[in-house]
Amino acid sequence: MLFHPYLGGERAPIWDANARGSFFGLNYGHNRSHMARSVLEGVIFNIYMVALSLVEVVGDLNMIQATGGFTSSELWTQILADIFEQPINVPESREAGCLAAIIMAEKALGLIEDISEIETMVGTNETYQPNPKNFEIYREISPIFIRLSRSLLAEYENIANFQRKFEEEK
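The sequence shown: position 155 = 155 (UniProt numbering), numbered continuously.
This is the structure in structure tokens:
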């Protein structure tokens with residue numbers, strides 16, 4: 001089962017304010033835990049689509065450093081490693097995004113020469129290794145997620161307009 005996490009429109013990678021969320025492939029054999037995991041996977045598949053776009057521009061990713069609230073979930077971070085098929089480093093400071101913003105501002109202002117010093121400030125607390133059993137499954141289903149995301153683009157405006165019509169009647 002796949003979940004498209006576009007509950008309020010979407011920026012990257014599809015850039016469509018009318019995008020809507022959906023479960024695809026749901027059947028009688030699924031339960032709440034399957035749906036919950038599908039939501040986590042859908043968010044990571046979406047991040048993966050963004051990463052694929054970046055790889056086209058900057059080349060292969062040689063290291064992934066994950067920060068933010070989701071990294072406090074071992075399951076979510078493991079799913080990230082499995083979908084990306086790469087080790088995921090989680091820094092000691094799980095909210096290192098603020099630190100990165102400060103370093104980038106210092107670089108822009110000419111206060112520092114090189115942003116590489118952030119590596120010494122952040123450190124790595126944990127590394128999640130991809131699970132071969134899982135990444136084989138994700139390798140097979142990720143193209144379906146991507147194709148489905150693209151095929152739904154034509155319908156997002158239609159469903160959004162339909163929903164707006166009923167919101168206006170309230």
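In this text, a Cβ means the ideal position worked out from N, Cα and C, and glycines have one as well.
With a minimum length of 3 residues, the unbroken runs of beta strand (DSSP E) contained wholly in the UniProt domain "Carbohydrate kinase FGGY C-terminal" (1-106) fall at 2-4, 22-24 and 88-90. Rounded to the nearest angstrom, the gap between the Cα atoms of A101 and R11 is 20 angstroms.
Burial is judged here by how many other beta carbons sit within 10 angstroms of a residue's own beta carbon; Y28 has fewer than 16 and is exposed. E126 is bridged by DSSP to V90.
In the three-state DSSP reduction, E113 falls in the coil class, being neither helix nor strand. Secondary structure of N131 (DSSP, three-state): coil. Annotation: A154 to R20 spans about 12 angstroms, alpha carbon to alpha carbon. Rounded to whole angstroms, the Cβ separation of R94 and T67 is 6 angstroms, and the two are in contact under 8 angstroms. When L61, I64 and I88 are compared, the shortest CA-CA separation from E74 is found for I88. Looking only at E92, Y6 and V50, the smallest Cα-Cα distance to T127 is reached by E92.
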